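Colleague: Protein chains in written order, with UniProt numbering: chain C, 1 to 325; chain X, 1 to 697; chain W, 1 to 304.
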Amino acid sequence: MLAYVLRRLLHTIPIVLVGSFVTFVMVSASGDPLGDLKAKQPPVSQAILDAEAHRMRLDQPLLERYWRWLTGILSGDWGPSVKRIDIGAEIWPRLLVSARLVTLAVLLALVLALVIGVVSAVKRYSAVDYAFTAVGFLLLSMPAFWLAVLLKQQAIELNQATGTTLVYTVGEASIPPPPGLWPTVLDVLGHVVLPTIVLAMTSFAPWSRFVRSSMIEVQQSDYVRLARAKGIKRRTVLVRHALRTALVPLTTVVALDLAVLFSGAVITETVFQWRGMGSFLLSSVRDKDIYAVMAWLLLVSLIVVVFNLIADLLYAVLDRRIRLG
Amino acid sequence: MTTATTAEVLGIRDLTVAFPDEQGQVSAVRGVSWSLRAGEVLGVVGESGCGKSATALAVMGLLPPGARVGGSVRFRDRELVGLRDDEMASVRGRSVAMVFQDPLSALNPVYSVGFQVAEAVRAHHPRLGREQAVERAIALLELVGIPNARDRAADYPHEFSGGMRQRVVIAIAMADDPDVIIADEPTTALDVTIQAQVLDALRTAREQTGAATMLITHDLGVVAGQADRVVVMYAGKVVESGTVEEVFYSPRMPYTLGLLGSLPRLDGREDARLTPIAGTPPPLDRPITGCAFAPRCPLARDVCRTEEPALVPVDGEHLAACHFSAELVGRRPQDVFPPRAAPAVDAVAANAVAVSAVAANAVAVGAVADGPVSGRPTPIITASSLVKHYRVRGTGLFRRDRGELHAVCDVSFDLSAGETLGLVGESGSGKSTIAKLLMSLEEPTGGGVLLDGRPLSPRGHARDLQIVFQDPMNSLDPRMTAADLVAEPLRINGAGRREARARALELLGSVGLSGARSERYPHEFSGGQRQRIGIARALALRPRVLVLDEPVSALDVSVQADVINLLEDLQDSLGLAYLFIAHDLSVVRHIADRVAVLYLGRVVETGDRDTVFDHPRHPYTRALVSAVPLPDPRKERARERIILTGDVPSPVNPPSGCRFRTRCPLHLGRLTDEQRSRCAGETPALLDGVACHWVER
Amino acid sequence: MAETVQTPLAPDVDGEAPVATPRWRLVVRRFLRHRLATISLVVFVLLVLLAFVGGELWHYRYDVYTPDNSQPPSAEHPFGTDATGYDLLAQVLRGTQRSIEIALFVAAVSGVFGSVWGAVAGFHGGKVDTLMMRVADLVLIFPAIAVAAVLANNVGASSQGWLLIGLVLAALTWPYVARLVRGVVLSLREREFIAAARTFGAGSWRIIFRHVLPNAMGTVIVAVTIIVAVAILAETALSFIGFGVRPPDTSLGLLVSQNQTAVSTRPWLFYFPGLFIVVIALSINFIGDGLRDAFDNTRSRSRR
């Protein structure tokens, strides 16, 4: 087991290195960080431009810039920002904000996927199954931003109708936060409800299809038939033998979709005007703030890689047939 | 055998099962009645699709959702058809338990074996403590012959061999002391020496629980040895039933007679030609009028096609469903089923010389057939000291090679025109690897193959050597028509489109598939017909040698006989040399001239067919031959059986010296320690056809 | 079912055989049995016609002002107009055209590239396979929207911007196709008919083109269909956050973005483009489902 973990980590390092280098080249080529400065009217002096280029390390060759960036990361230096912000200090709180959204959305989506997937598998070809299938396809075809705007509008109307603020439609928390721990928690929850629903709704459909089809497959398996032949009640067989086995591959499916969820989070946060990873990315891309974009991509892709690794390990623990090879 | 009383424990009356399908419905079981008496073993035989498994699942209430069940199944006084699933759950396991066909997939991979047995123990005794259940589970595992049951209970199914897993399944069936055990093809997926072990475990289960057993199988030999009474099913109906002796020695339904006649037998009926039953079972998705067997029955008359015969007593409790069952008294299979001449084989032979050779340097087949007959002819193929090792990667940090899988080790043989060499062995013996080496699908690690005394060139062999695979569904591209499939080798080797097509049609005709059927796709043919396409394709380049890799093991018995006869006819008229690879000793005995027995990649015994099968000398061959069930109740029950212990060891790091010593009755029995150390230290050479240090020469 | 039912066959050896059914006709028949997929196919074809032909025939242009500002839907302007006087129907048709163009382009590029990549990896196996699939996996660990934003930031404004956006999206979606095709090819490679072809001397290319690709075609077609739907949603999302199609050109995502603040005052501006996205994506997803059923021999019963 330990050897497996170590080997997987060893395999991951070159991927991260190659990936980060390719991204570094790509992001560096995506635009001139000094573009806005150069276009300023009246024009800024060449000396200032040179100084700024030096600060942004543009006077060095690409490979050296990459090396400095990489070694800088290891010592906690995220590199210079066009906007002269401290990238590290800016990105961590934002990551927490987005992680809150993604985590809750994954949990909600998992619950939805399991309930709907299991029910449609058990009641295959029934009206319930067809209804769930239809809803799933509808959500699969629904742009997240459109659903977000729609729900936001409904919430605003609901708030106006009731004269209170049941759910918040702007921001990730009130500023300043209400006094006291409990009100703060409630405030955060009130803000997180709508974005979580949007993200979960637009993500769970493929998972519930997956649960449905693997449940159907497992239910027709010999070992489920044998379990029933033992005289165990159908419900017990369903949970203990069918669901448990069907769930194992779901872990990897969810982990692989994590990158997709972050994409969805960027969109959702934009609609609800959160100060999370979404707006950080979009403004950094617009400002051609190379090192800020790199920080974003590195953090998010590392999270995806780590969770994929965890999923693989979990798979190996849950299903002993995987020979950790 | 068990002492049977007449008290019925399980009664089936007019049972019907129908499955919905794309067009309408398939009537898998069309009114089946029989009763299972306390303590008896009832054999249920029939070919695939005859409804025997559907009947079993209907009894258990385990049919897939959507299946419609009619009629009645009574367990003692309780009607089972129509019970709710939770009511049925109280019957399953406690009253009626079941053993399934495929032990590899019957156990849940994510739970330990002990847990799965204990689960069965607790199913009807929820108040039993977890530890007590585990204790009982271990006791059950010991009973069915799992070594070190206490330690192994914590292991997961994938850590057990197929035979061991089937024992676990039997332990599960025994767990709640059922009154009836339904065993659905319990040994079909297993090797013959393992089959003997599992049948033993099943007998233990029967003795321990006193349960009546419904033994479903297509293997008439197993029924002959195990069952008290037999039910023969065909197309969803019972066509004959009676005691084993009645049914085997005086069948009163042509189908049963045909089935017995189409079976190659290990006890050798001196080259008697098999009597296959023409055609295939009728499709069950439309109504059947008259006798379902009528289209294939040589005795069929008008009344058979209009009026369905009832299952009526012909002699005491011996029942048969045939209008003319009286005519069958005292008749042999070959009297009723006329041997069918292979359709146009002679034409092919004639054409072999006449038709312009597609491959420029193809040796005219006719000339070879007329080759030297006296003495030992010059071999076409000579394999010398073939060795094939596969690397096995470890699971450590750097995945160093963990060792080598010794698939084939120092195997030599030769093969001459018109001759059949049978290569027999159980799984892991390396027989399929030898086929791949011969066809250049794998590179040998050592040794080599000579064709006419010259080394095989990877591409040049195509015209002289061809292969027929085990599963025609798998070896025919599903997107090509029969004609295209047979034409492909010709096209690859330079024939024009028209020429290839003409030859393909001719070849298809020669294997009995003529006319419009050549434009059909593989899935539109039956299993036997698909294998005929495979044979026609293999013949396309006029090879001199055919490698037949388990060519009939995927087929039903009656169809299998047809393909075997075709192969014999082709050999007679074309002078082909066959390397016949099979695990089924009866088939090899029927078709082969010489035999080589493989164990873990080595030849342990070789020689003339009759010598090897009638007077086996190597301990492994002896055990193997004795383990094959004979479809003859009296002979089968009188036989002395050598049951091997344990499983075949892993071919990765196989035992030193003699590879068979870990299971060898001789080695484990009467040898002295000194003699044993020779077995472990020295690999026995293949001398005089036997590779054993202690055989009397 | 526990036992396979024999293929219906006339037992008479020399009797008349039924006419052979080529596989594609079987596939078409199975597809047509999937009612929603059939309806979706009709809807999608109509939408394409509406967007590409109807847009040209409609008497307003997407980039020419009309004298009417902020009109609700009427006979003159079926989808209404926006604050600056653009006719929304003309804009939606133009946007649909753009979105479908981009999506089909993405599907074509990533379908071809992904299939070849996956087929080569799967057919060769071993180290080649490992290396090629590592590259594919590398693409998948980055959130597509972020990479697309970075890549499209420069190109979106140019005149051929939509093609470049298509390329960016194709670069991000091909691994999905590659993974699917590789899986199929890996299992096909083990089939005995491939070994059989080798034994009568067929070369690798013949095997790939005659046996592997035709048998993997179903998977490729289904994968490409799904990519069309994915690309529609990705393009509209990218345009929504401002990195996709830019004015004066328009796309459905851009329209939703421009009109999201109008949702309470002039809801038609928000709903029509959004509904078009949903209908397009939904119809393609259903077509994909129908195709999957049609190509999948193992599913015997599926009626919707």
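Glycine residues also receive a C-beta, built at the ideal position from the N, C-alpha and C atoms. All figures in this text were calculated on a predicted structure; none of them were measured in a lab.
#1: Would the segment 188 to 197 of chain C and the segment 51 to 71 of chain X be scored as touching if the rule is three or more Cβ pairs under 8 Å?
#2: Can you tell me where the alpha helix (DSSP H) holding threonine 133 of chain C begins and where it ends?
#3: Since cysteine 50 of chain X and glycine 290 of chain X are thought to touch, with beta carbons under 8 Å apart, how far apart are those beta carbons, to the nearest angstrom?
#4: Could you give the residue range of the beta strand (DSSP E) that holds glycine 11 of chain X?
#5: Spell out whether any CB of chain C is found under 7 Å from the CB atom of histidine 125 of chain X.
#6: Starting from the beta carbon of alanine 229 of chain W, find every residue of chain A whose beta carbon is closer than 9 Å, and list them in chain order.
#7: Given this structure, state the Cα-to-Cα distance separating isoleucine 138 of chain X from leucine 226 of chain C, to the nearest angstrom.
#8: Kindly list the residues whose CB is nearer than 6 Å to the CB of arginine 252 of chain X, restricted to its own chain and excluding five residues on each side of it in sequence; keep chain order.
#9: Which value, in whole angstroms, describes the spacing of the CA atoms of valine 244 of chain X and proline 633 of chain X?
#10: Using a cut-off of 8 Å between C-beta atoms, extract the partners of glutamine 258 of chain W located in chain C.
#11: If distances are taken between C-alpha atoms only, which option among W:Phe286, W:Thr173, W:Met217 and W:Ser70 comes closest to isoleucine 227 of chain W?
#12: Looking at the structure shown, is methionine 174 of chain X part of a helix, part of a strand, or coil, going by DSSP?
#13: Starting from the beta carbon of proline 64 of chain X, find every residue of chain C whose beta carbon is closer than 8 Å, and list them in chain order.
#14: Does methionine 439 of chain X get closer than 7 Å to chain W when you measure Cβ to Cβ?
#15: Taking the alpha-carbon of threonine 433 of chain X as reference, which of X:Ser416, X:Ala407, X:Gly448 and X:Gly447 has the nearest alpha-carbon?
#16: Under a CB-based cut-off of 7 Å, is aspartate 289 of chain C close to chain X?
#17: Ordered along the chain, which non-local residues of its own chain (more than five positions away) have a Cβ less than 7 Å from that of threonine 645 of chain X?
#18: What are the residues of the segment 139 to 155 of chain W that lie near chain C, defined by any Cβ-Cβ distance shorter than 7 Å?
#19: Using a beta-carbon distance below 7 Å, is valine 254 of chain C in contact with chain W?
#20: Within its chain, find whatever has a CB closer than 6 Å to the CB of isoleucine 267 of chain C; leave out the 5 residues flanking it on each side and keep chain order.
#21: Return the residues of the segment 262 to 273 of chain C that lie within a Cβ-Cβ distance of less than 7 Å from chain W, sorted by chain order.
#22: Counting only Cβ-Cβ distances shorter than 7 Å, please list the residues of the segment 98 to 110 of chain X near chain C, keeping chain order.
#23: Just verifying my parser: in three-state terms, what is the DSSP assignment at threonine 187 of chain X?
#24: Can you pull the chain W residues whose beta carbon is under 7 Å from the beta carbon of arginine 544 of chain X, in chain order?
#25: Run the CB neighbour count on aspartate 85 of chain X, radius 10 Å, all protein chains shown included, and call it buried at 16 or more, exposed below.
#26: Just checking: is the beta-carbon of glycine 55 of chain W within a distance shorter than 7 Å of some beta-carbon in chain X?
#27: Spell out whether any CB of chain W is found under 7 Å from the CB atom of serine 30 of chain C.
#28: Which residue wins for smallest C-alpha separation from glutamate 636 of chain X, given the options X:Gly221, X:Ala28, X:Arg127 and X:Gly430?
#29: Can you give the Cα-Cα distance for serine 304 of chain X and alanine 294 of chain X, rounded to whole angstroms?
#30: Give the straight-line distance between the Cα atoms of leucine 32 of chain W and threonine 38 of chain W, rounded to the nearest whole angstrom.
#31: Can you name the residues that DSSP bridges to arginine 229 of chain X?
#32: According to DSSP, methionine 214 of chain X sits in a beta bridge with which residue or residues?
#33: Taking Cβ positions only, does leucine 226 of chain C come closer than 7 Å to chain X?
#34: So the alpha helix (DSSP H) glutamate 142 of chain X belongs to, where does it begin and stop?
#35: Using a beta-carbon distance below 7 Å, is arginine 234 of chain C in contact with chain X?
#36: Would alanine 48 of chain X and aspartate 179 of chain X qualify as a contact pair, given that the criterion is a beta-carbon distance under 7 Å?
Modeller: Well, looking at it:
#1: These segments do not touch.
#2: Where threonine 133 of chain C is concerned, the enclosing alpha helix (DSSP H) stretches over 127 to 140.
#3: Between glycine 290 of chain X and cysteine 50 of chain X the Cβ distance is about 17 Å, and since that is not below 8 Å, they are no contact.
#4: 8 to 20
#5: Look at histidine 125 of chain X: its C-beta is not under 7 Å from any C-beta on chain C.
#6: Protein chains C, X and W are contained in the structure displayed, whereas chain A is not.
#7: 19 Å
#8: Closer than 6 Å at the Cβ level, and outside the excluded window around arginine 252 of chain X, lie Val314, Ala320, Ser325 and Leu328.
#9: 7 Å
#10: The premise fails here: glutamine 258 of chain W is roughly 12 Å from chain C at the closest Cβ pair, so nothing lies under 8 Å.
#11: W:Thr173
#12: Methionine 174 of chain X falls in the helix class under three-state DSSP.
#13: Gln220
#14: At least one chain W Cβ lies under 7 Å of methionine 439 of chain X.
#15: X:Ala407
#16: no
#17: Arg663
#18: Interface annotation for the segment 139 to 155 of chain W against chain C: Leu140, Ile141, Phe142, Pro143, Ala144, Ile145, Ala146, Ala149, Val150, Leu151, Asn153 and Asn154, criterion Cβ-Cβ distance under 7 Å.
#19: It does not; no Cβ of chain W falls within 7 Å.
#20: Ala144 and Phe145
#21: Phe262, Ser263, Val266, Ile267 and Thr270
#22: Met98, Phe100, Asp102, Ser105, Ala106, Leu107, Asn108, Pro109 and Val110
#23: coil
#24: The premise fails here: arginine 544 of chain X is roughly 15 Å from chain W at the closest Cβ pair, so nothing lies under 7 Å.
#25: exposed
#26: At a cut-off of 7 Å, the C-beta of glycine 55 of chain W has no neighbouring C-beta in chain X.
#27: yes
#28: Glutamate 636 of chain X has its Cα closest to that of X:Gly221, out of X:Gly221, X:Ala28, X:Arg127 and X:Gly430.
#29: Inspection of the sequence shows that residue 304 of chain X is occupied by cysteine rather than by serine. Whole-angstrom Cα-Cα distance: 6 Å.
#30: 6 Å
#31: X:Leu42 and X:Thr243
#32: Under DSSP, the beta-bridge partners assigned to methionine 214 of chain X are X:Leu42 and X:Ile182.
#33: Chain X contact via Cβ: present.
#34: 130 to 143
#35: yes
#36: According to the sequence provided, residue 48 of chain X is serine. The question's alanine does not apply to it. In terms of Cβ geometry, serine 48 of chain X and aspartate 179 of chain X do not form a close pair [threshold 7 Å].
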